[in-house]
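Engineer: Before anything else, here's the structure in question.
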Amino acid sequence: MTNPQIDYAAMAAQWRAERETTLTASRTELLAQLRALGISEVTAEYEGYGDSGNVEDVTVQPADVKLPEPLATEVGDFAWSLAYHHHPGFENNEGGYGTLTWDITADSVTLDHADRYVECSHSYDEGL
Numbered sequence: 015m016t017n018p019q020i021d022y023a024a025m026a027a028q029w030r031a032e033r034e035t036t037l038t039a040s041r042t043e044l045l046a047q048l049r050a051l052g053i054s055e056v057t058a059e060y061e062g063y064g065d066s067g068n069v070e071d072v073t074v075q076p077a078d079v080k081l082p083e084p085l086a087t088e089v090g091d092f093a094w095s096l097a098y099h100h101h102p103g104f105e106n107n108e109g110g111y112g113t114l115t116w117d118i119t120a121d122s123v124t125l126d127h128a129d130r131y132v133e134c135s136h137s138y139d140e141g142l
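And the structure:
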């Protein structure tokens, strides 16, 4: 039963604001670390379906720069969080996938995302 005393729209707005604050802080911290390593671009491939998902791959440019594993995990977590923030629930059912490309020099993120869905065409004929 829905509680009429709870303002669900306000709760959703608060959740979104908290998430944006967390993402902004994470982005600022990661940006400094990535720039210190001389990285100019980060690409993260993510995929979700069947109520779960993960970041499949994180690559950087220039390619000869080695991203330390803990930092690669943090970048992957950031990519997942940002994708989820813009496409909440994309990991459910048939899911979704995408590529996050982060231009470190300009601090500009491009999110190329696709959602999967099932389409059905049904007919029923009786007594023809």
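Sequential numbering from 15 applies to the sequence shown in our numbering.
Beta carbons are placed, not taken as given, at the ideal position from N, Cα and C, and that holds for glycine.
1. In terms of residue numbering, what span does the alpha helix (DSSP H) encompassing Asp129 cover?
2. My guess is that Val79 and Val56 are in contact by the Cβ rule of under 8 Å, so how many angstroms apart are they, rounded?
3. With DSSP collapsed to three states, give me the class of Ser66.
4. Contact between the segment 66-78 and the segment 35-44: three or more CB pairs below 8 Å?
5. Once you ignore the five residues that flank Ser135 on each side, which residues in its own chain have a CB closer than 6 Å to its CB?
Structural biologist: In short:
1. Premise fails: Asp129 lies in the beta strand (DSSP E), 122-129, not in any alpha helix (DSSP H).
2. No, Val79 and Val56 are not in contact; Cβ-Cβ is about 10 Å, not under 8 Å.
3. strand
4. no
5. none
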